[in-house]
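S.K.:
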Amino acid sequence: MPKNTTKITTETTPAVVQTTHKPSTGLGFKIFTIISLVLIFCLSGTALGFSLFNFLQEETPVTFNYGNGDGNSASFVEGSIAEVANRLAPAVVSILVEGRSSSVSAGTGMIITSDGYVLTNKHVVDGARSITIITDNNDTYENVKLVGTDPTNDVAILKVNAKDLPTVTLGDSKTIIIGQQVIAIGNALGQYQNTITSGIISGLGRSLTAYSSDYSMSEELSDMIQTDAAINAGNSGGPLVNAAGEVIGINTAVSSEGSNLGFAIPISSVKGLIKSVIEEGHVTRSYAGVRYFNITPDIAIEYDLPVTSGAYLFTDSSESAVIEGSPAADAGLETGDIITKVNGISIGRSGSFSSLLGEYAPGDTVQLEILRDGETKTLKLTLGTYEE
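Quick note: to get this note's numbering, add 9 to the position in the sequence shown (first position is 1).
#1: If we call anything under 8 Å between Cβ atoms a contact, is Ala370 one with Pro336?
#2: When the Cβ atoms of the segment 139-151 are set against those of the segment 211-220, are three or more pairs found closer than 8 Å?
#3: Is Arg294 near Asp159, with beta carbons less than 8 Å apart?
#4: Using a Cβ-Cβ cut-off of 7 Å (strictly less than) and excluding sequence neighbours within five positions of Ala330, which residues of its own chain qualify?
#5: Could you have a look at Arg294 and say whether DSSP puts it in helix, strand or coil?
#6: Does the segment 150-166 touch the segment 186-199, meaning 3 or more C-beta pairs lie closer than 8 Å?
#7: Count the other CB atoms, across all protein chains shown, that sit within 10 Å of the CB of Ser326; report buried if there are 16 or more and exposed otherwise.
#8: Taking C-beta to C-beta, are Leu270 and Val279 nearer than 8 Å?
#9: Taking buried to mean at least 16 other C-beta atoms within 10 Å of its own C-beta, is Ser363 buried or exposed?
#10: So Leu249 is in the beta strand (DSSP E); what residue range does that whole segment cover?
#11: Considering just the uninterrupted stretch of the alpha helix (DSSP H) at Asn95, what are its terminal residues?
#12: Jot down the residue ranges of each uninterrupted beta strand (DSSP E) in the segment 335-359, minimum 3 residues, whole runs only, in chain order.
#13: Taking only the alpha-carbon atoms, compute the straight-line gap between Ala98 and Asn352 and give it to the nearest angstrom.
#14: Closest to Thr381 by C-alpha separation, out of Ile356, Val134, Glu396, Ile348, would be which residue?
#15: Less than 8 Å between the beta carbons of Thr117 and Gly246, yes or no?
#16: Is it the case that the Cβ atoms of Lys172 and Ser277 are separated by a distance below 8 Å?
#17: Under 8 Å between the Cβ atoms of Ala238 and Thr261?
#18: In angstroms with no decimal places, state the Cα-to-Cα distance between Lys389 and Gly360.
#19: Unbroken beta strand (DSSP E) runs of length 3 or more, entirely within the segment 122-150: which are they?
#20: Can you give me the Cβ contacts of Ile140 inside the same chain, cut-off strictly under 7 Å, excluding the 5 residues immediately before and after it?
#21: I'd like the list of long-range same chain contacts for Ser123, defined as Cβ closer than 7 Å, with 5 residues on each side in sequence excluded.
#22: At a threshold of 7 Å, does Ser326 count as lining the ligand PLP (C-beta to nearest heavy atom)?
#23: Please state the DSSP three-state secondary structure of Ala242.
#24: Grouping DSSP H, G and I as helix and E and B as strand, with all else coil, what is Ile185?
#25: Measure how close the beta-carbons of Leu314 and Ile274 come, nearest whole angstrom, since I'm counting them as under 8 Å.
#26: Output the distance between the C-alpha atoms of Gly393 and Lys350, rounded to the nearest integer angstrom.
#27: Take the Cβ of Tyr126 as the centre, count every other Cβ of all protein chains shown within 10 Å, and call the residue buried at 16 or more, exposed below.
#28: What would DSSP say about Thr229, mapped onto helix, strand or coil?
#29: Which residue marks the beginning of the beta strand (DSSP E) containing Gly367, and which one marks its end?
#30: Use the C-beta contact count for Lys386: other C-beta atoms within 10 angstroms, 16 or more gives buried, fewer gives exposed.
#31: Note down, in chain order, each residue of its chain lying with its Cβ closer than 7 Å to the Cβ of Gly108, except the 5 sequence neighbours on either side.
#32: Could you pull out every residue in the same chain whose Cβ sits closer than 6 Å to the Cβ of Lys284, ignoring the five residues on either side in sequence?
#33: Which class does Ala273 belong to by DSSP, given the choice of helix, strand or coil?
#34: Would you mind working out which of Glu378, Gly357, Ile209 sits nearest Ala340, comparing C-alpha positions?
#35: Output the distance between the C-alpha atoms of Asn130 and Val292, rounded to the nearest integer angstrom.
#36: Compute the Euclidean distance between the alpha carbons of Ser268 and Ala320, then round it to the nearest angstrom.
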């Protein structure tokens with residue numbers, strides 16, 4: 010087990026996550042903090058329980074205008090927690106997975122198309138021998154198909170044979186701000202189906218390293234949304250929604266050491282993958298073909314960069330930052346370029362370069378704004394398909 014971590018001993022939390030505040034690898038930064046987290050799916054042998062959303066207090070709808078200063082804004086009417094929960098609950102499902110060792114784990118998913126595509130976390134269905142989905146009104150779908158998983162993120166798409174299903178509405182996670190009210194929905198502890206909790210967005214752009222329970226495997230997660238809405242084992246794959254009832258994140262992890270530290274994948278970063286599934290019936294991920302550092306104020310000082318956010322096309326090795334024959338090379342990107350915007354959206358609070366590209370599918374063309382030798386240029390990048 011890595012140093013400075015707390016081993017998870019409870020039987021309902023078979024995996025842990027660490028977060029580090031260390032800048033990009035190899036940059037000479039020594040000081041960082043590690044926090045143990047739990048990937049929030051749940052081993053369970055119990056039956057599904059009941060919804061709790063009817064007990065929540067009514068609130069008066071209010072119109073809010075949000076803007077984060079990076080070219081993004083949103084205006085919508087925020088309803089009461091009870092209204093949002095009642096509207097979203099029919100499109101949120103519980104997922105039961107039988108593993109290779111016949112153990113049963115529980116997670117959450119959300120219906121994204123009326124013909125049965127369901128979005129969840131990859132770790133919820135990893136190693137599944139069979140998958141069962143149970144809806145809010147207790148309709149049960151067995152032998153659920155795993156359509157595919159995101160090769161670069163903790164995301165999976167499932168499919169049930171159905172029609173006219175209720176669906177969630179996907180929001181724009183690029184517009185969210187710290188302090189904004191959010192609601193989490195999930196199969197808490199594998200027993201309490203569609204449990205509703207509420208809180209705020211308490212942080213943005215968090216980076217996590219997810220480990221399996223025996224620390225034999227790990228996965229990097231970036232640009233995570235931090236929330237203090239209560240998230241428990243079994244919530245993995247469930248929606249984090251704004252107060253207008255729009256999904257802005259996929260609940261994925263919770264701290265095992267701190268209080269009220271939950272993390273969700275921004276929904277905009279997987280919209281391209283969702284688009285590819287709906288249009289083609291299988292999972293593909295967009296690909297640019299660059300190696301880069303996410304610029305922070307510290308990195309800007311270390312490398313004497315003219316900006317404190319963006320994607321710096323640079324490596325510490327002899328390799329080119331632009332992969333030969335890649336879409337980025339075809340677009341004219343060069344080592345040393347700083348990408349500052351994707352389709353007019355600034356890289357930074359709205360997301361990293363990778364997350365902003367995740368909104369687009371292979372074959373889509375995006376406009377990049379870059380800094381090169383002190384001059385601002387625009388280039389058009391046609392995305393390719395990621396291949397492992």
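No residue lacks a Cβ here, since even glycine has one placed at the ideal position from N, Cα and C.
M.R.: This is what the structure holds:
#1: The answer is no: Cβ separation not under 8 Å.
#2: With the cut-off at 8 Å, the segment 139-151 and the segment 211-220 do not touch.
#3: Taking 8 Å as the Cβ cut-off, Arg294 and Asp159 qualify as a contacting pair.
#4: If we look at Ala330 and ignore the five residues flanking it on each side, its Cβ neighbours are Val299, Arg300, Tyr301, Leu322, Phe323, Thr324, Thr344.
#5: Under the three-state reduction of DSSP output, Arg294 falls in the coil class, being neither helix nor strand.
#6: Here the segment 186-199 makes no contact with the segment 150-166; the two share fewer than three CB pairs at distances below 8 Å.
#7: The residue is exposed, with fewer than 16 neighbouring Cβ atoms inside 10 Å.
#8: It is not a contact, given that the beta carbons lie outside the stated cut-off.
#9: Buried, by the Cβ-count rule.
#10: Annotation for Leu249: the continuous beta strand (DSSP E) segment containing it runs 248-251.
#11: Taken as a continuous stretch (DSSP letters only), the alpha helix (DSSP H) holding Asn95 covers 90-97.
#12: Counting only runs of 3 or more, we get 347-351.
#13: Rounded to the nearest angstrom, the two C-alpha atoms are 34 Å apart.
#14: The amino acid occupying residue 381 in the given sequence is Arg; Thr does not appear at that position. Each of Ile356, Val134, Glu396, Ile348 was checked against the Cα of Arg381, and the nearest Cα belongs to Ile348.
#15: The beta carbons of Thr117 and Gly246 sit closer together than 8 Å.
#16: Cβ distance not < 8 Å, so Lys172 and Ser277 don't count as in contact.
#17: Result no, Cβ atoms of Ala238 and Thr261 do not sit closer than 8 Å.
#18: About 19 Å.
#19: Runs of beta strand (DSSP E) with 3 or more residues, each lying fully within the segment 122-150, are found at 126-129, 137-143, listed in chain order.
#20: Correct list, in chain order: Ile104, Val106, Val134, Val153, Leu155, Leu167.
#21: Contacts found: Lys172, Asp173, Leu174, Thr176.
#22: This structure does not include the ligand PLP; it has no bound ligands of any sort.
#23: Look at Ala242 here: in three-state DSSP terms it is coil, with no helix or strand label.
#24: Three-state result, Ile185: coil.
#25: Not confirmed; about 28 Å, so no contact.
#26: Distance between the alpha carbons of Gly393 and Lys350: 19 Å.
#27: Tyr126 comes out buried.
#28: Per the sequence shown, the amino acid found at residue 229 is Glu instead of Thr. Reduced to three states, the DSSP call for Glu229 is strand.
#29: For Gly367, there is no enclosing beta strand (DSSP E), since its DSSP letter is neither H nor E.
#30: With fewer than 16 other beta carbons inside 10 angstroms of its own, Lys386 counts as exposed.
#31: The answer, listed in chain order, is Ser114, Gly136, Ala137, Arg138.
#32: Excluding the 5 residues flanking it on each side, Lys284 has same chain C-beta neighbours closer than 6 Å at Ala370, in chain order.
#33: Strand, per DSSP.
#34: If we check each option's Cα against that of Ala340, Glu378 comes out closest.
#35: Approximately 14 Å between the Cα atoms of the pair.
#36: Straight-line measurement puts the Cα of Ala320 at about 33 Å from the Cα of Ser268.
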